[in-house]
Structures are given as C-alpha cells and as structure tokens.
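Residue numbers (the numbering used here): 49 to 579.
Don't be surprised by glycine CBs; every beta carbon is placed ideally from N, CA and C.
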C-alpha cells in the first residue's frame, strides 16, 4: 500500500506487509521440510520435541574461585537447573596460570579460575559427574580442561563412557570474533582433531565440539552471517577430521552448535529452522554422511548479552523472556537465559534465579511445549526460513571460492563482514532508525537506582597464587618435568596430544604449564592487523 514504510528484518531481509499462500507456493513441504525428527530436520531434530523432554536449562556460571563457583552450581541445581555450564576466567581461556604476570587484574573476573586438577576437584566437589550434563565454554585450551574433568570423574569412580556434556573446542571463531586463541590456526586444528579422536574412543556420550555462532553474533554478525560463518567453520572441522582419518559418521554425531537468540523473535525462529535445513543438506551432499544423527543440527542457545542495556536494567527481564521464547519456538536443545544485571556486573544470585525462572515459566506455564515446530506452516516463517537458508548458502559459496573457512579467516573476510554489519547497526541506533528502549528512546530523566551487584574481590588472585605455590612445593617436580617434556615431544611428532597431556595434569602440572609446553613448539598466534 502507498505510504507504508519499508520494513526489513534485523538481518536486512525485506518484510512484506501481509503474507499469503503464494509466499510458499514453490515449497514442496514434505520434501523440503519433512516432519519433525525427519530429514532435513528444519522442523526439529526430534519427532516429539518438548512433548517428550524439555530442553536442558543450563545457566552459564563461574566466577572467582572454584569453591565459590561450586556453591553457585549447587544453588542453581537446587533451584531446578538441569545442566551445568562453566564460565572460565580470561587467563584460563588463554592458557595462563593465575600467578602469571599477564593475568594481573583478570583472575576470576569473567569466570572461574582453574589452574590445576586441585581447582577442578573443588569446582565439582559434591556434584556426581555421572548425574549431570556439563558444558564448558573453553576453546584454545579445551583439551586440558576436558582432561581435568575426566580425571575428577575417575577420582569419583565415574567411567568415561558415563560422562555427558559438551566442550566448545571451537578455535576458528576465536580468530574471527573473540580473540581467546593461543596457537596459530594449523596447530590449533590439530589439537581439535586430536580431541575429536580421543573422545570418539573414550567419551562416546560427550559432545566434543560446540561450534559457535554466538560470539560472532555478539561481535555484530547478522542472523545470516552467524549461521553461515558457523557452518563454514563446521565444514573446516569435518575436512580436518577426514584428513586425520576420521569418518564423518564417527565425528558429526558428536558435534553440536551454539547460537544466540535475539529480540527479533520471528527472524530468530526462521534462523534456527534454516540452520538445521542447510546443515542437513550439507552433511549429506558434501560429506556423504549416512548416519541420520550426522545430519541433525543440535544446538545450545544463549540469549543476547549484547542486547542487554545498563540503562533501566530491569527491562532486560523482558528482553530475555522474548529471546528465550525465540530459542524454544525455534527448537533449541538447551538454553541459557541471561541475568538482567549482566550489563553491569556478574549476575547476582537473585538475578540468576530470575533468569532460570524465565525458562521454567516458558516450559511449565505456556503451550510452547505442546507441539513440535509450533510456528511451522506460517506463510511468513516459511518464506523467511527459505530466504535465510538461501543467503546462508550464498555466503558458504563465497567462502568456498576463497579456499574455505581457514583461508577466508587468513584473508580477514569473515571479520571484515562482521565489522561492517556491526558498524551499520551502530549507526542505525545513533541516528534513531533502530529503537533501543532506555538508550535512544523512552529514557528516564531521573537518576536510576542501581541494582545490587555482584563483585569479584581482587584478593582472588592472591588466593590462587598462594594455592599454586603450595601445589608446586608439594608435587613431584621430577615427574612433572618429565611429563611436560613428553607433551613437547608429542607436539613435535604426529601422535595424539591428549594422552601425554592427561598424564602431565595427573602429575599436577598446571594448565599454564601444559599450554606453555605446546607454545614452545607451536608458537603463539598474532593477527596480521595487530601492530
């Protein structure tokens, strides 16, 4: 109609004022969507979806010391959380010990400090590891942290085959958007494939990689870019695994994915459906996968931290509820709902509880769980699913033309695309073309009362440093030295790196020491645009 404003989704896809049957006239619904639980899984990876079992409520948590984080985990489990999700502090994510000079000011701040087997023991003290599913958001040093988890399980008497959970172990997106890399891409990929091979034989129920679009989205990627760059990285991992002699049907079923849920509810639902659709086709057509589980894109979702505002922080409760609804309507397998105060500080206990209650209200007080793919058949949703899928496949073709995900990363392609999208979004907010409640519209003139915030004391570093001093004094120094030398020797050979790393960690070598032994062989990565 004349005079109507043009409307586009957050990813820039044009939206019609009204959708009618002709919007999906070309769609062969049975062939191109199928039923939930059937190829190509656009409508969901399981036939009954939440009628059979709700998504895993996995609140992301970790701060200060392992003992303090353990108390938060126990609290969340008592409040009805159904899975654990561990946030590590920045030094741990970068492979440094808490007493390393480079860790000054960062110990325990954005996650828990884990320096050794002693910390991992404290982190899961009193939590039976055969009774919980644990996700660990860790990438460059994913292998040593997983091995510490396995060692604690052994001490509890839990067999490796009984462990359930996920390690993120997705280093490629670190070069694109996040920056917590250690080694150059080639040895990082080797460490990743060594982990896949190790877990295939020992931890069959553990998801050995959670390929993440979340962090790219937080850096500014659109919904289309988020899915496209994530799937391109997944292709690179499958290709690396094949080169290492691993069959696609031995690897792909243990891959999972990690996406954001933004406030653009309907586009997000279409994004999740399109991601499943494209992945199923990709794995079957490009890699020849025959196991149905290889084509099932299973994913964890976190609500959009970047969309939380410090202004009028309580409004974030509304945003998180809408974002959580988008994830569940889109068929997520597990969900973390952000706390309303996270734009200001680490979540307080009250805020963490409210975030969990948000999920519980959706699961138990709405009809979202009544049927699989509740928005399936909507002319708008189906049209948008097709458009997102088509644009994702366009990006994948461009990345293939550039030589694949790793080559495109080295050319700075994904990073540049994301930065341009982030800049465009920022300009829209600054010009008032995109409304952010409380930021560029509906602001309060009076001073707001800041909610009670959770803070991490800088004394945490002193506590961790003292514990490391005691550990180094009490352990068998000769055994540690020999074990670290074996890690270095393995790095210079072609043998799997995880067995010698596990022995070093068992002898009480620290995470920083194990990563240091690898740094001596692999070197440290410095991006080309850092001067």
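query: Determine whether the beta carbon atoms of residue 433 and residue 318 lie at a separation below 8 Å.; result: yes
query: Please work out which residues of its chain come closer than 7 Å, Cβ to Cβ, to residue 170, disregarding the five sequence neighbours upstream and downstream, and give them in chain order.; result: 114, 115, 118
query: Using only the alpha-carbon positions, how far apart do residue 574 and residue 218 sit?; result: 18 Å
query: My guess is that residue 306 and residue 258 are in contact by the Cβ rule of under 8 Å, so how many angstroms apart are they, rounded?; result: 5 Å
query: Do residue 228 and residue 243 count as a contact pair if the criterion is CB distance below 8 Å?; result: no
query: Would residue 279 pass as a contact of residue 444 if the rule is Cβ separation under 8 Å?; result: yes
query: Can you tell me the Cβ-Cβ gap for residue 420 and residue 97, rounded? I've got them flagged as a contact below 8 Å.; result: 4 Å
query: Looking at C-alpha atoms only, which residue of 381, 235, 99, 112 is the closest neighbour of residue 324?; result: 381
query: Does the distance from the CB of residue 416 to the CB of residue 351 come in under 8 Å?; result: no
query: Among residues of its own chain, excluding the 5 on either side of residue 299, which ones have a beta-carbon nearer than 6 Å to its beta-carbon?; result: 244, 289
query: Just curious, the beta strand (DSSP E) that residue 172 is in, first and last residue?; result: Unbroken run through residue 172: none, as it is neither H nor E.
query: Straight-line CA distance for residue 202 to residue 411?; result: 35 Å
query: So, with DSSP's three-state summary, where would you put residue 350?; result: strand
query: Since residue 271 contacts residue 88 with CB under 8 Å, what's their CB separation in whole angstroms?; result: 19 Å between Cβ atoms; not a contact.
query: Need the endpoints of the alpha helix (DSSP H) that residue 324 sits in, please.; result: 313-335
query: If you run the structure through DSSP and keep just helix, strand and coil, what is residue 489?; result: strand
query: Using a 10 Å radius around the Cβ and a threshold of 16 neighbouring Cβ atoms, would you call residue 346 buried or exposed?; result: buried
query: Can you tell me whether residue 264 is helix, strand or coil according to DSSP?; result: helix
query: Tell me whether residue 184 sits in a helix, a strand or coil according to DSSP, three-state version.; result: strand
query: What do you reckon, are the CB atoms on residue 326 and residue 209 nearer than 8 Å?; result: no
query: If you check the beta carbons only, do residue 100 and residue 85 fall under 8 Å apart?; result: no
query: Tell me whether the segment 57-77 and the segment 393-404 touch, counting them as touching only if at least three CB pairs, one residue from each stretch, are closer than 8 Å.; result: no
query: Rounded to the nearest angstrom, how far is the Cβ of residue 314 from that of residue 361, given a contact under 8 Å?; result: Contact doesn't hold; Cβ gap of about 26 Å is too wide.
query: When DSSP builds the beta bridges, which residues end up paired with residue 556?; result: None; residue 556 has no bridge partner.
query: Helix, strand or coil for residue 56? Go by DSSP, reduced to three states.; result: strand
query: Count the other C-beta atoms from every protein chain shown that fall within 10 angstroms of the C-beta of residue 150, then say buried if there are 16 or more, exposed otherwise.; result: exposed
query: Mind checking if residue 327 is an interface residue toward chain C, Cβ cutoff 8 Å exclusive?; result: Chain labels in this structure do not include chain C; a single protein chain is all it has.
query: Measure the CB-CB distance between residue 183 and residue 213 and report whether it falls below 8 Å.; result: yes
query: What does DSSP give as the partner residues of residue 461 in its beta bridges?; result: DSSP output for residue 461 lists no bridge partner at all.
query: Relative to the C-alpha of residue 462, which residue among 155, 265, 197 is closest?; result: 265
query: If you follow the alpha helix (DSSP H) that residue 277 is part of, which residue opens it and which one closes it?; result: 271-291
query: Within 10 Å of its beta-carbon, does residue 216 have 16 or more other beta-carbons around it, so buried, or fewer, so exposed?; result: buried
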